[in-house]
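Worksheet for the structure shown next.
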Ligand SMILES: [Zn+2]
Ligand SMILES: [Zn+2]
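In the numbering used here, the protein residues as written are 93 to 359.
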């Protein structure tokens, strides 16, 4: 498998390693391309970039592009959240993601603290994972339009903790999830198969789950394999599994970023 990753975090947001350390790790692991996707600005968030960080990020990734031009194709993208202000630079690509739910006019993070998520489900949705999912997916359908996404990030990230919390996904859950995913296929943007939660020890399988991947496949959607990497040692974590699941569903190609835009290559 030609190794690429277009979902990479660094110390400019909540990553563990510097951008240059990520580049060196990618070269060592034989990657052909590495795309950075710093978290877009979000107020009162410990894991996103500030305005100052975003300026530093853009400058540093462009410095690395030149410095390592003969060893690795480097791209400077952004992971744009649905609640962020417009990004500051002309990025190579945009991953559109939703990390927060809105309840009674307030926003709550859904992937950075497992105990908080449990509390939100209980307090706001009467303990119903389905009602929580409905709230999430009804807004997610707008992710491409709102973020100007080129790639749709981790569509079912709200299932991040289901394995460790023993939550079983019901037919009602899939009703909301499948409806949103089907609608998103109309945007003709690749959906990422995201192995990030495997690297962090929360899941044994990537997002989206097989049922949602099937909906993407049946509706003519495409996929991209990314590790949503926050740690230089996890750059290709779960890639073999992601590739075999994609093939099992029926996909024979995956999307990658190139200097001339997004292109499909064989899996
Ligand atoms: Zn994300
Ligand atoms: Zn991310």
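We put the beta carbon where it would ideally sit given N, CA and C, even for glycine.
- Ligand 2 has a heavy atom closer than 7 Å to the beta-carbon of residue 101.
- In the three-state reduction of the DSSP assignment, residue 180 falls in the coil class.
- The continuous alpha helix (DSSP H) containing residue 115 extends over residues 111-120.
- In the three-state reduction of the DSSP assignment, residue 98 falls in the coil class.
- With respect to the 8 Å criterion, residue 170 and residue 130 are classified as neighbours on the basis of their beta carbons.
- The beta carbon of residue 176 sits closer than 7 Å to those of 132, 133, 134, all from its chain and outside the five residues before and after it, given in chain order.
- In this structure, ligand 1 has a non-hydrogen atom nearer than 7 Å to the beta-carbon of residue 171.
- For residue 172, the secondary structure class from DSSP, reduced to helix, strand or coil, is strand.
- The beta-bridge partner set that DSSP reports for residue 316 consists of 284.
- In the three-state DSSP reduction, residue 251 falls in the helix class (H, G or I).
- Rounded to the nearest angstrom, the Cβ distance from residue 242 to residue 186 is 5 Å, consistent with a contact under 8 Å.
- With contacts defined by Cβ atoms closer than 8 Å, residue 206 and residue 150 do not form a contacting pair.
- When Cβ pairs closer than 8 Å are counted between the two stretches, the stretch 153-173 is seen not to touch the stretch 197-214, the count staying below three.
- Distance check between residue 246 and each of 95, 320, 161 places 320 closest, using alpha-carbon atoms only.
- Distance from the Cα of residue 210 is smallest, within the candidate group 258, 103, 236, for 258.
- For residue 125, the pairing in a beta bridge is given by DSSP as 96, 165.
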